[in-house]
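Enquirer: Chains as they are written, first to last, in the numbering used here: chain A, 6 to 407; chain B, 3 to 76.
1) Using the rule of at least 16 other Cβ atoms within 10 Å of the residue's Cβ for burial, across every protein chain shown, is residue 13 (chain B) buried or exposed?
2) Whole angstroms is fine: what's the gap from residue 125 (chain A)'s alpha carbon to residue 376 (chain A)'s?
3) Chain B beta carbons: is any one of them nearer than 8 angstroms to that of residue 298 (chain A)?
4) Scan the stretch 40-105 of chain A and note each continuous alpha helix (DSSP H) run of 4 residues or more that stays entirely inside, going in chain order.
5) Indicate whether residue 154 (chain A) and residue 360 (chain A) have their beta-carbon atoms separated by less than 8 angstroms.
6) Do you know how far the Cα of residue 241 (chain A) is from the Cα of residue 203 (chain A)?
7) Can you confirm whether residue 346 (chain A), when its beta carbon is compared against all beta carbons of chain B, has any partner nearer than 8 angstroms?
8) When the Cα of residue 238 (chain A) is compared with those of A:199, A:190 and A:192, which residue comes out closest?
9) Would residue 118 (chain A) count as contacting chain B if we go by Cβ distances under 8 angstroms?
10) Inspect the CB distances between the stretch 246-256 of chain A and the stretch 282-291 of chain A and report whether three or more fall short of 8 angstroms.
11) Closest to residue 317 (chain A) by C-alpha separation, out of A:34, A:31, A:166 and A:40, would be which residue?
12) In chain A, what lies closer than 7 angstroms to residue 56 (chain B) by C-beta?
13) What does residue 249 (chain A) reach in chain E if we use C-beta pairs closer than 9 angstroms?
14) Could you check whether the stretch 27-46 of chain A touches the stretch 320-329 of chain A, counting it as contact only if at least three pairs of C-beta atoms, one from each stretch, sit closer than 8 angstroms?
15) Could you check if residue 405 (chain A) is buried or exposed, using at least 16 other CB atoms within 10 Å of its CB as the buried criterion?
16) Step through the CB atoms of chain B and report whether any lies within less than 8 angstroms of the CB of residue 213 (chain A).
17) Beta-carbon within less than 6 angstroms of residue 315 (chain A)'s beta-carbon, same chain only, minus the 5 sequence neighbours each way: which residues are those?
18) Return the residues of the stretch 118-144 of chain A that lie within a Cβ-Cβ distance of less than 8 angstroms from chain B, sorted by chain order.
19) Between the beta-carbon of residue 282 (chain A) and the beta-carbon of residue 276 (chain A), is there less than 8 angstroms?
20) Check the C-beta distance from residue 353 (chain A) over to residue 24 (chain B) and give it rounded, since I have them as a contact under 8 angstroms.
21) Taking C-alpha atoms, which residue in A:402, A:356, A:272 and A:71 lies nearest to residue 251 (chain A)?
22) State yes or no: is the beta carbon of residue 314 (chain A) nearer than 8 angstroms to at least one beta carbon in chain B?
23) Please classify residue 320 (chain A) as buried or exposed, where buried requires at least 16 other C-beta atoms within 10 Å of its C-beta.
24) Name, please, each residue of chain B whose Cβ falls closer than 7 angstroms to the Cβ of residue 113 (chain A).
25) With a threshold of 8 angstroms between beta-carbons, can residue 63 (chain B) be considered close to chain A, or not?
26) Skipping 5 residues on each side, what residues in its chain have a beta carbon closer than 8 angstroms to that of residue 65 (chain B)?
27) How about residue 222 (chain A) and residue 215 (chain A): do their beta carbons lie closer than 8 angstroms?
28) Sorted by chain position, which residues of the same chain lie with C-beta nearer than 6 angstroms to residue 176 (chain A)'s C-beta, five sequence neighbours on each side aside?
29) Is the beta carbon of residue 185 (chain A) sitting closer than 8 angstroms to the one on residue 81 (chain A)?
30) For residue 3 (chain B), decide whether its Cβ has a neighbour in chain A, counting only Cβ atoms nearer than 8 angstroms.
31) So who's on the other strand from residue 400 (chain A), going by DSSP bridges?
32) For residue 181 (chain A), which residues of its own chain have a beta-carbon under 7 angstroms away from its beta-carbon, when the five flanking residues on both sides are left out?
33) Comparing the C-beta of residue 6 (chain A) with each C-beta of chain B, is any distance below 8 angstroms?
34) Using a beta-carbon distance below 8 angstroms, is residue 20 (chain B) in contact with chain A?
35) Quick check: the Cα distance between residue 76 (chain B) and residue 109 (chain A), rounded to an integer number of angstroms?
36) My output table needs one value for residue 158 (chain A): the three-state DSSP class, helix, strand or coil.
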């Protein structure tokens, strides 16, 4: 083995266990001192980790960095199981073949047509929550059922089955909270459940997204295989509620522990959309950078030559706090004139449901601010319980009073 | 000459995700981190409408060059 000057010893990554929604200060150190560093994850091969905004953006957006090239490699990861990530394991234009089928359902215009219904669901949930009396758990009664109900209606999945698929969905975002065998069992259950809904649509057509995907598949084999149809639909169901379900309580937690910002929204509810963008920037949803991109040719990143075939992880959370891009990056500021955050990622794999998530988050935060201007935590902050062994950071429960 | 499409990119909205250039490299390129159509008028092509449908911020507008009707995003 020849040692080139660029090879440095790898650090263990993640640098430590995720602490609530605090971003490890070591990222800031790296951005200044060592913007591209070698890391070793609990599983898989060593990788580069990019922490500056411009580098992360390049790694995620430049076609010379590939997800497909990671197929068959021992990808750097925080979980034992290396599964096929579906669309996330593809590059354009192959990736586009699948993405376009669902992207149409998530355009801003389509999503706006769902806003009144989303507001109606939110209002109904808060009516029931208020009637039960203070204090109450926002996770169980509001932030979980709201996005689940919306994705169910959009896809055409019966809301009554949510207890089943909510359990199975954890398989998609689990790192160590489930055993590899449990993850496989849950995925099999989820796929079996979706396959049954697909079979129903072949008997009687529906005008929901699942029905549209089934028609696409049946009209033209080349556009979507049966397995892709099942996995894509299951992925939408799981992603459609594991993410927003987690971010609503995260956002409320940040606002209630920064009461000036909560009061700002109570006084100026028109700032909710800007607040949602800023919270997307500020909250490090992921526990660690994931889904490494593989260089398909030698590429200079800053002063470092990344060789063809080497994997690079980009930390979105670190990029979103880069002082080169954002003034006072560690402050929550709803008045930022420009906010080019990468909270929804960047590049071909930019969150396909971003517009839906934005709308749901706006409705959720806007509804809470309007209904409960005096909302506060019902327990001491230290008593809040955070999930462990997941790709994302989130609260098990969020007891609040008003 | 009928049936051509007009391709426009709103460079204020564009975030330079590169999805369009990856999807339809014959029709889009990234210049200064933002997308630009290689030609404003093109023959109808699914690659072009796919790129408009896939754009995460809907910065691409494809219209019928004659009638002005929107082709994509759908």
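We treat Cβ as the ideally placed atom computed from N, Cα and C, and that holds for glycine.
Expert: Answer, in terms of the structure:
1) The Cβ neighbour count for residue 13 (chain B), taken over all protein chains shown within 10 Å, is under 16; the residue is labelled exposed.
2) 14 angstroms
3) no
4) 58-66
5) no
6) Looking at the two C-alpha atoms, the distance is approximately 14 angstroms.
7) no
8) When only C-alpha atoms are compared, the closest one is A:199.
9) Closer than 8 angstroms: no.
10) yes
11) A:40
12) 101, 104, 105 and 108
13) Among the protein chains in the structure shown, which are A and B, there is no chain E.
14) yes
15) When all chains shown are included, residue 405 (chain A) counts as buried.
16) no
17) 300
18) none
19) no
20) 6 angstroms
21) A:402
22) Among the residues facing chain B, residue 314 (chain A) is not included, as its CB has no counterpart in that chain under 8 angstroms away.
23) buried
24) 60
25) no
26) Contacts found: 7, 8, 10, 71, 72 and 73.
27) No, these two residues do not count as a Cβ contact at 8 angstroms.
28) 188, 191 and 192
29) no
30) For residue 3 (chain B), the pLDDT reaches just 48, beneath the cut-off of 50, and the residue's location in the model is therefore unreliable, although a value from the coordinates is still provided. Taking Cβ atoms only, chain A never reaches closer than 8 angstroms to residue 3 (chain B), which makes this a no.
31) A:391
32) 84 and 394
33) Residue placement at residue 6 (chain A) cannot be trusted, given a pLDDT of 44 that sits under 50; the coordinates are not used to answer.
34) yes
35) 6 angstroms
36) In this structure, residue 158 (chain A) counts as helix in the three-state DSSP scheme.
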